[in-house]
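Residue numbers (our numbering): 1 to 146. All residues carry an ideal CB built from backbone N, CA and C; glycine is no exception. Report on the following structure.
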Amino acid sequence: MSSCAFFGHRSFGYNKYRDKIEEIIVDLIEIYGVTEFYNGFRGEFDCLCATIVSELKYQYPNIRNIMVLSYYPSASFTIPKYFDDCVYLLEKSVPPKSAIPRTNEKIVERADYIISGVKNQNGGAWTACQYAILRHKLILNIFNLQ
1 MSSCAFFGHR SFGYNKYRDK IEEIIVDLIE IYGVTEFYNG FRGEFDCLCA
51 TIVSELKYQY PNIRNIMVLS YYPSASFTIP KYFDDCVYLL EKSVPPKSAI
101 PRTNEKIVER ADYIISGVKN QNGGAWTACQ YAILRHKLIL NIFNLQ
């Protein structure tokens, strides 16, 4: 069972890359057997990727769309409609300032592949991709693939 995670900027204008993102996801499913997709669901890129994976479930019912929580969920938390499940990968409680970066590291450690929508060399998504490079993960950047 292989897995994939998504990292991109919170706001960028990704809709014009929708077909490219879908093509990459389908290739990961069909060629590399990816069945689990981890998504922090924190910005425009994450939302677009969650939507695409959710729609692809009709064609590939064995895939799972998993929301990764950066903060311990409250009792009233409900999983957004795009997701099959959610996970919290950190200790019970971490300082709020470090919750997202530490969650991103845990996501990278779990994922076999990273789909990146990172163009700018700053921010949490860029930092997560740098960590993925150190962990020798295959990163598929939507801006570098033709």
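>> Applying the 10 Å Cβ sphere with the 16-neighbour rule, what's the burial state of H9?
In response: Reading the sequence shown from its first residue, position 9 is the one you call residue 9. With 16 or more other Cβ atoms within 10 Å, it is buried.
>> Within 10 Å of its beta-carbon, does D46 have 16 or more other beta-carbons around it, so buried, or fewer, so exposed?
In response: Sequence index remark: in the sequence shown, residue 46 carries index 46 (1-based). Here D46 is buried: its Cβ has 16 or more other Cβ atoms, across all protein chains shown, within 10 Å.
> Can the beta-carbon of E22 be found less than 7 Å from the beta-carbon of I52?
Replying inline: One-based indexing of the sequence shown puts residue 22 at position 22. One-based indexing of the sequence shown puts residue 52 at position 52. Yes, the pair counts as a contact, with Cβ atoms nearer than the cut-off.
> T78 by DSSP, collapsed to three states: which one?
Replying inline: Working through the sequence shown from its first residue, we reach residue 78 at position 78. It is coil, neither helix nor strand.
> Under the rule that 16 or more other beta-carbon atoms within 10 Å means buried, what is Y113, buried or exposed?
Replying inline: Locating residue 113 in the sequence shown gives position 113, where the first residue counts as 1. Around the beta carbon of Y113, 16 or more other beta carbons sit within 10 angstroms, so the residue counts as buried.
> Between Y17 and the rest of its own chain, which residues show a CB-CB distance below 6 Å, the 5 nearest in sequence each way excluded?
Replying inline: Reading the sequence shown from its first residue, position 17 is the one you call residue 17. Answer for Y17: I142, listed in chain order.
> Is the beta carbon of F12 less than 7 Å from the beta carbon of A125?
Replying inline: For the purposes of this step, residue 12 is taken as the residue at position 12 of the sequence shown. For the purposes of this step, residue 125 is taken as the residue at position 125 of the sequence shown. Judged by beta-carbon spacing, A125 lies beyond the 7 Å limit of F12, meaning their Cβ atoms are not closer than that value.
> CB V87 to CB V108, shorter than 7 Å?
Replying inline: Sequence index remark: in the sequence shown, residue 87 carries index 87 (1-based). Sequence index remark: in the sequence shown, residue 108 carries index 108 (1-based). Taking 7 Å as the Cβ cut-off, V87 and V108 do not qualify as a contacting pair.
> CA-CA distance, I133 and I139?
Replying inline: In the sequence shown, the residue the question calls residue 133 occupies position 133. In the sequence shown, the residue the question calls residue 139 occupies position 139. Taking the straight line from one Cα to the other gives about 8 Å.
> Are the Cβ atoms of N62 and T103 separated by less than 7 Å?
Replying inline: For the purposes of this step, residue 62 is taken as the residue at position 62 of the sequence shown. For the purposes of this step, residue 103 is taken as the residue at position 103 of the sequence shown. Taking 7 Å as the cut-off, the Cβ atoms of N62 and T103 do not count as close.
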